[in-house]
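J.: Let me begin by handing over the structure; questions about it come next.
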Amino acid sequence: MNWLTNKVLPKFRQLTTKQDTPDNLWVKCPDCGQMIFHNDLQANQNVCTHCDYHLRITPRDRFEALFDDAKYDLIELPEVPVDPLKFRDSKRYTERLKDARHKTGDTDAMKVAHGRMKGNSAVIAVQNFEFMGGSLGLAVGEAIVAASKLAILQKAPLILFSAAGGARMQEGILSLMQMPRTTVAIQRLKENRLPFIVVLTDPTTGGVTASYAMLGDIQIAEPGALICFAGPRVIEETIRETLPDGFQRAEFLLEHGMLDMVVHRMEMRETLCRIIDLLGTKLKLPPAVTKTNGKKGANNASDAKAVKEEKTANTRKK
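Residue 1 is where the sequence shown starts when you use UniProt numbering, and the numbers rise one by one after that.
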């Protein structure tokens, strides 16, 4: 009896007990409601295999899908003051930052990387909506300025993927000042005759739409992306009228001349490479900084030194 109790019964219970499975094995499509196996979804770049709905994608997955052989170098972004206004609503801003960093593994809402796209050098900046709604604050402003400077140094195009709910209210006027600041950074890029390509993803709204997200030489959007300043609900409540179907979606904006093209995510790399070729930017990448494949690799000090030397040389020429 001891043999049955101690040996057979535990083994039988182990075989018949329902095994726990991870919660993220299956993902429900927000549009069609179909369940998608996570491996299939990842292989399709987070695009629903049933209805083609474009789910959100992380910056790292975006970089790997765009750069040659999924190889790239993240640049180390400048540090910014944390909670300069000592802001608090239902919880402290510092606590919200801590939660967002724990959730995403990122320090803020934008990452910048450089590498090659079909042999051409390119700088890519990606906003992460999962980090406090991708909101524009001091850190994102610094990231765009740094991306612009790096593109100028490397004589490379800057490709920016926007996804944001607007300016970060917890930083007040400091976040609003990033709108003109990023506009100036993009203008410097254009003064150097370098392409600025914007890819608007779902959603791109508020102060981001009113600044750098609509300044591209080429304006692209992913299918179905919400692109607006004020959302449709706010507009309907203000004007007390019903808006047309698809209002403020990528396809609607394309029909009304606000976009150059709407591109499926699976075709994004080929499209961007073709645009870079057409714009005549067959430019060689400078000597590699430190090959890290996604880890901090670029040296801000050396970049700053290069900028200073370039300014000195220009002054002497004058």
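Virtual Cβ for every residue (Gly too), placed ideally from N, Cα, C.
(1) Check this for me: beta carbons of G231 and A250, under 9 angstroms apart or not?
(2) Between the Cα of T205 and those of D69, L279, E241 and F161, spot the shortest distance and give me the residue it belongs to.
(3) Given this structure, state the Cα-to-Cα distance separating residue 319 from A167, to the nearest angstrom.
(4) To the nearest angstrom, how far is the alpha carbon of E76 from that of T107?
(5) Give the single residue among G246, I144, N39 and R265 whose Cα lies nearest to the Cα of Q178.
(6) In or out: I124 buried (at least 16 other Cβ within 10 Å) or exposed?
(7) Determine the closest residue to R203 out of N128, C273 and F63, with distance taken between C-alpha atoms.
(8) Among residues of its own chain, excluding the 5 on either side of C51, which ones have a beta-carbon nearer than 6 angstroms to its beta-carbon?
(9) Determine the extent of the alpha helix (DSSP H) in which K98 is found, giving its start and end residues.
(10) Pull up the DSSP beta-bridge partners for I144, would you.
(11) How long is the line joining the alpha carbons of M35 and H54, rounded to whole angstroms?
(12) Determine whether the beta carbon atoms of T104 and E130 lie at a separation below 9 angstroms.
(13) Between which two residues does the alpha helix (DSSP H) harbouring N24 extend?
(14) Measuring CB to CB, does C118 end up less than 9 angstroms from D260?
(15) Which of helix, strand or coil does DSSP assign to A225?
(16) In this structure, how does DSSP classify Q178 when only helix, strand and coil are distinguished?
(17) For the alpha helix (DSSP H) holding I159, just list the boundary residues, first then last.
(18) Note down the Cα distance separating N39 from V126, rounded to an integer number of angstroms.
(19) So, at 7 angstroms on beta carbons, what are the nonlocal neighbours of A147 in its own chain, with the 5 sequence-adjacent residues on each side left out?
(20) Pairs of beta-carbons, one from the region 231–245 and one from the region 209–221, closer than 8 angstroms: are there three or more?
(21) Can you give me the C-alpha to C-alpha distance between D61 and I220, rounded to a whole angstrom?
(22) Please state the DSSP three-state secondary structure of V80.
(23) Measure from the alpha carbon of V199 to the alpha carbon of each residue in Q187, R188 and L226, then state which is nearest.
(24) Taking the alpha carbon of F37 as the point to measure from, which residue in Q45, N44 and V27 has its own alpha carbon closest?
(25) Quick one: what's got a C-beta closer than 6 angstroms to A139's C-beta in the same chain, skipping five residues either side?
(26) Taking the straight line between their C-alpha atoms, what separation do you get for K155 and A163?
(27) Quick one: is P78 buried, meaning 16 or more other Cβ sit within 10 Å of its Cβ, or exposed?
(28) Terminal residues of the continuous beta strand (DSSP E) containing F37?
(29) Using CA coordinates, which residue listed in K86, E236 and A151 is at the minimum distance from R188?
(30) What would DSSP say about I235, mapped onto helix, strand or coil?
(31) Measuring straight from C-alpha to C-alpha, what distance separates F252 and G207?
(32) Take the Cβ of R265 as the centre, count every other Cβ of all protein chains shown within 10 Å, and call the residue buried at 16 or more, exposed below.
T.: Reading it off the structure:
(1) No, they are not a contact pair.
(2) Per the Cα distances, F161.
(3) Coverage of the chain is limited to positions 1 through 318, which leaves residue 319 absent and any answer about it impossible.
(4) Rounded to whole angstroms, E76 to T107 spans 11 angstroms at the Cα level.
(5) The shortest Cα separation from Q178 among G246, I144, N39 and R265 belongs to I144.
(6) When all chains shown are included, I124 counts as buried.
(7) Sequence check: residue 203 is Pro here, not Arg. Comparing Cα positions, the closest option is N128.
(8) In the same chain as C51, and ignoring 5 residues on each side of it, the C-beta atoms closer than 6 angstroms to its own belong to D31 and C32, in chain order.
(9) Counted as a single uninterrupted DSSP element, the alpha helix (DSSP H) harbouring K98 occupies residues Y93 to T104.
(10) Paired residues: none, contrary to the question.
(11) Rounded to whole angstroms, M35 to H54 spans 14 angstroms at the Cα level.
(12) Against a cut-off of 9 angstroms, the Cβ pair of E130 and T104 comes out as a contact.
(13) No alpha helix (DSSP H) holds N24; DSSP gives it neither H nor E.
(14) According to the sequence provided, residue 118 is Lys. The question's Cys does not apply to it. No.
(15) Of the three classes helix, strand and coil, the one that applies to A225 here is coil, per DSSP.
(16) Helix.
(17) Going by DSSP, I159 is part of no alpha helix (DSSP H) but of the beta strand (DSSP E) stretching over L158 to A164.
(18) Each residue's Cα considered, the two are about 23 angstroms apart.
(19) Taken in chain order, the residues that qualify are V112, V123, A125 and L158.
(20) No: fewer than three Cβ pairs fall under 8 angstroms.
(21) C-alpha separation (whole angstroms): 19 angstroms.
(22) Residue state, collapsed to three classes: coil.
(23) When only C-alpha atoms are compared, the closest one is L226.
(24) Minimum Cα distance to F37 is reached at V27.
(25) A distance below 6 angstroms between beta-carbons, with the five flanking residues on each side excluded, links A139 to the following residues of its chain, in chain order: V80 and D108.
(26) Looking at the two C-alpha atoms, the distance is approximately 26 angstroms.
(27) By the neighbour-count rule (16 or more Cβ atoms within 10 Å), P78 is not buried but exposed.
(28) That run of the beta strand (DSSP E) goes M35 to F37.
(29) Nearest C-alpha to R188: A151.
(30) Note: I235 maps to helix in three-state DSSP.
(31) Cα-Cα distance, rounded: 20 angstroms.
(32) R265 should be labelled buried.
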